[in-house]
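Visitor:
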Amino acid sequence: MKYHIDTIPVWDAYKRGGECPLCDIAERNEQEYLDVFMGASVMEPSRRVEVNERGFCQRHLSLMFGNGNRLGLALMAHTHLKETMSKLNAISDAAVECAAGESKKPAPARLLGRATKSSPQLKGIDEQAHRAAQTAQSCLFCDKLNETMERYVHTLVYMWKHETEFKRAFSESKGLCLSHYAQVMAAAPEQLSGAELEQFMRALTDVQKRNLERIEKELEWFTLKFDYRNADKPWGNSQDAVERTLRKLRGYAAVPAQREQE
23 MKYHIDTIPV WDAYKRGGEC PLCDIAERNE QEYLDVFMGA SVMEPSRRVE VNERGFCQRH
83 LSLMFGNGNR LGLALMAHTH LKETMSKLNA ISDAAVECAA GESKKPAPAR LLGRATKSSP
143 QLKGIDEQAH RAAQTAQSCL FCDKLNETME RYVHTLVYMW KHETEFKRAF SESKGLCLSH
203 YAQVMAAAPE QLSGAELEQF MRALTDVQKR NLERIEKELE WFTLKFDYRN ADKPWGNSQD
263 AVERTLRKLR GYAAVPAQRE QE
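Sequential numbering of the sequence shown, starting at 23, is according to the working numbering.
#1: In chain order, what are the residue ranges of uninterrupted alpha helix (DSSP H) at least 4 long that sit wholly in the segment 150–189?
#2: Determine contact between the segment 149–163 and the segment 75–83, defined as no fewer than three beta-carbon pairs at a distance below 8 Å.
#3: For Asn-51, which residues of its own chain have a beta-carbon under 7 Å away from its beta-carbon, when the five flanking residues on both sides are left out?
#4: Closer than 8 Å, CB to CB, is Asn-91 near chain C or not?
#5: Just confirm the distance between the C-beta atoms of Val-73 and Met-98, as a whole number of angstroms; I'd bet it's less than 8 Å.
#6: Determine the DSSP secondary structure at Leu-198, reduced to helix, strand or coil.
#7: Looking at Leu-234: is its Cβ nearer than 8 Å to the Cβ of Met-207?
#8: Under 8 Å: do the segment 83–100 and the segment 190–202 share three or more Cβ pairs, one atom per stretch?
#9: Just to confirm the assignment: which complete alpha helix (DSSP H) runs, minimum length 4, are found wholly within the segment 219–246?
#10: With DSSP run on the structure shown, which of helix, strand or coil describes Trp-257?
#11: Is Pro-43 helix, strand or coil when you go by DSSP?
#12: Roughly how far, in whole angstroms, is the beta-carbon of Glu-41 from the beta-carbon of Lys-196, given that I think they are within contact range, below 8 Å?
#13: Once you ignore the five residues that flank Lys-255 on each side, which residues in its own chain have a CB closer than 8 Å to its CB?
#14: Quick one: is Pro-43 buried, meaning 16 or more other Cβ sit within 10 Å of its Cβ, or exposed?
#15: Helix, strand or coil, according to DSSP, for Pro-211 in the structure here?
#16: Does the Cβ-Cβ distance between Cys-45 and Gly-258 come in under 8 Å?
#17: Is it the case that the segment 141–150 contacts the segment 171–185, given that we only count it when at least three CB pairs across the two stretches are under 8 Å?
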């Protein structure tokens, strides 16, 4: 797959020096998408079709509700609800039909089908349950954000390969959150091979190990500061160690930006 290379946001994120530059990019893009979804695009037919089909996850519905545009959210929720009702009616009818077919079987056949999980009717109910679950799990917001971040993950690897200055910035950074660390690791073989791939993996794992050790010490000192014997000792970099550790472990969504700044 070919990716559009946009290096400026990656450079800007590394210059800001957070615990995960990719989280920095994701958080900023998430806010931009929130403004778009809750702005004029609420009334765009193409956008409404996408929303009707996929809806939004719990997190992004919460962010949209907090945006304050209740009318815009109501308009999207209404048409999405109607689309969901149509889907669920078909799912429900199919599930009832499967259950009716199962009920017509003799008791021994029902018991055998349940024990061996071979009953077509029971499998049909399971399939409808899966379809119903999907209607509650799909998220247009997540899909667009994930697509954007996949591009930036590959951009990061591209920059490491082609820009000597970025190699230095990468090695001197605070690493990545665990999720983006895994994504970058998985993306590397698509652009790198041989000795170059080995060099990148060493650089990636070294910076990650070093910074996990750093943040572990900062978090430990945060806990030790509550010992009266350490009350007068300096905090160092530990005052916000809890927030940064949670973000390192689970990404930026673990601690909202406004809480991290308090």
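Every residue gets a Cβ at the ideal spot worked out from N, C-alpha and C, and that includes glycine.
Guide: Taking the coordinates as given:
#1: Whole alpha helix (DSSP H) segments, 4+ residues: 162–184.
#2: Output reads yes: the segment 75–83 touches the segment 149–163.
#3: In the sequence shown, residue 51 corresponds to position 29, counting from 1. For Asn-51, where only same-chain residues beyond five positions count, the Cβ hits under 7 Å are Leu-167 and Thr-170.
#4: Considering every chain present, this structure includes no chain C. It has just one protein chain.
#5: Along the sequence shown, read from residue 1 onward, the residue named residue 73 stands at position 51. Along the sequence shown, read from residue 1 onward, the residue named residue 98 stands at position 76. Their Cβ separation, rounded to whole angstroms, is 5 Å, which keeps Val-73 and Met-98 in contact under 8 Å.
#6: As a working note, residue 198 is residue 176 in the sequence shown. Here Leu-198 carries a coil assignment [DSSP, helix/strand/coil].
#7: Along the sequence shown, read from residue 1 onward, the residue named residue 234 stands at position 212. Along the sequence shown, read from residue 1 onward, the residue named residue 207 stands at position 185. Not a contact, by the Cβ cut-off of 8 Å.
#8: The segment 83–100 is not in contact with the segment 190–202.
#9: As summarised for the segment 219–246, there are no continuous alpha helix (DSSP H) elements at least 4 residues long confined to that stretch.
#10: The sequence position of residue 257 within the sequence shown is 235, counting from 1. Residue state for Trp-257 is assigned as coil, using DSSP reduced to three classes.
#11: Counting from one through the sequence shown, the residue named residue 43 turns up at place 21. In this structure, Pro-43 counts as helix in the three-state DSSP scheme.
#12: Taking the sequence shown and counting its residues from 1, the one referred to as residue 41 is at position 19. Taking the sequence shown and counting its residues from 1, the one referred to as residue 196 is at position 174. So it is a contact: roughly 5 Å between Cβ atoms.
#13: Residue 255 sits at position 233 when you count from the first residue of the sequence shown. Within the same chain, Lys-255 has close Cβ partners Lys-247.
#14: Translated into the one-based positions of the sequence shown, residue 43 becomes position 21. Pro-43 should be labelled buried.
#15: For the purposes of this step, residue 211 is identified with residue 189 of the sequence shown, where counting begins at 1. Reduced to three states, the DSSP call for Pro-211 is helix.
#16: Along the sequence shown, read from residue 1 onward, the residue named residue 45 stands at position 23. Along the sequence shown, read from residue 1 onward, the residue named residue 258 stands at position 236. No.
#17: No: fewer than three Cβ pairs fall under 8 Å.
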